[in-house]
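Q: Structure in structure tokens, see below.
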Amino acid sequence: NLRIGYGFSSERLKSVLWLDLPLHALSHVAKRMAVVALEDKPYYDMVTEKIMATREKFIADLNEIPGVLVFKSDSNFVYIRCQGYDAEEVKRIVGEKGFLIRVFPSATNEKHLRITMGPKAMMDDLTKVMLKAIEVSKI
Numbered sequence: 181n182l183r184i185g186y187g188f189s190s191e192r193l194k195s196v197l198w199l200d201l202p203l204h205a206l207s208h209v210a211k212r213m214a215v216v217a218l219e220d221k222p223y224y225d226m227v228t229e230k231i232m233a234t235r236e237k238f239i240a241d242l243n244e245i246p247g248v249l250v251f252k253s254d255s256n257f258v259y260i261r262c263q264g265y266d267a268e269e270v271k272r273i274v275g276e277k278g279f280l281i282r283v284f285p286s287a288t289n290e291k292h293l294r295i296t297m298g299p300k301a302m303m304d305d306l307t308k309v310m311l312k313a314i315e316v317s318k319i
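Per our numbering, the very first residue in the sequence shown carries number 181; after that it's consecutive.
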């Protein structure tokens with residue numbers, strides 16, 4: 181697999197963050213593959229639609245759980261508040277099933293979960309695991 185990220189910034193921000201330095205060395209072939217891939221707009225439009233539909237279903241499914249709030253997202257990840265649940269325990273249980281999620285503290289000292297979107301089948305499996313993990317992690 182090849183994963184290449186890119187971003188946009190102002191010249192000032194670029195200099196502050198030292199974005200002129202290469203983060204990872206990429207071969208000429210990898211760079212060319214990335215450019216060719218980005219030129220396939222119909223493919224990326226289709227992938228974007230699938231990701232959006234998967235994300236919206238995942239958000240709706242988890243928002244059905246009392247005390248769980250999945251914040252609206254326009255990115256490839258979602259941020260979840262689990263009020264009344266042990267976020268670290270949810271992470272541990274989900275991790276035992278092979279899924280990686282992150283826990284972040286909030287300004288109110290609650291812990292939130294951050295989950296990156298994956299393919300629909302994977303997210304359907306994760307939803308089932310999350311439902312069980314949340315159920316047994318009540319505090």
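Ideal Cβ positions, reconstructed from N, Cα and C, are used throughout, including at glycine.
Please report how far the alpha carbon of Asp-143 lies from the alpha carbon of His-208, in whole angstroms.
A: Here the chain has residues from 181 to 319 only, and residue 143 is not among them.
Q: Starting from the Cα of Gly-185, find the closest Cα among Ala-217, Arg-192 and Glu-191 and give me that residue.
A: Taking only the C-alpha atoms, the option nearest Gly-185 is Ala-217.
Q: Buried or exposed: which applies to Ile-295, given that a residue is buried once 16 or more other Cβ atoms fall within 10 Å of its Cβ?
A: Looking at its Cβ environment, which holds 16 or more other Cβ atoms inside 10 Å, Ile-295 is buried.
Q: So, is Lys-271 buried or exposed, given that buried needs 16 or more other C-beta atoms within 10 angstroms?
A: That one is buried.
Q: Using only the alpha-carbon positions, how far apart do Val-321 and Ser-189 sit?
A: Outside the shown range of the chain, which is 181 to 319, sits residue 321, and nothing can be said about it.
Q: Just to confirm the assignment, what range does the alpha helix (DSSP H) spanning Pro-246 have?
A: Here Pro-246 belongs to no alpha helix (DSSP H), and DSSP marks it neither H nor E.
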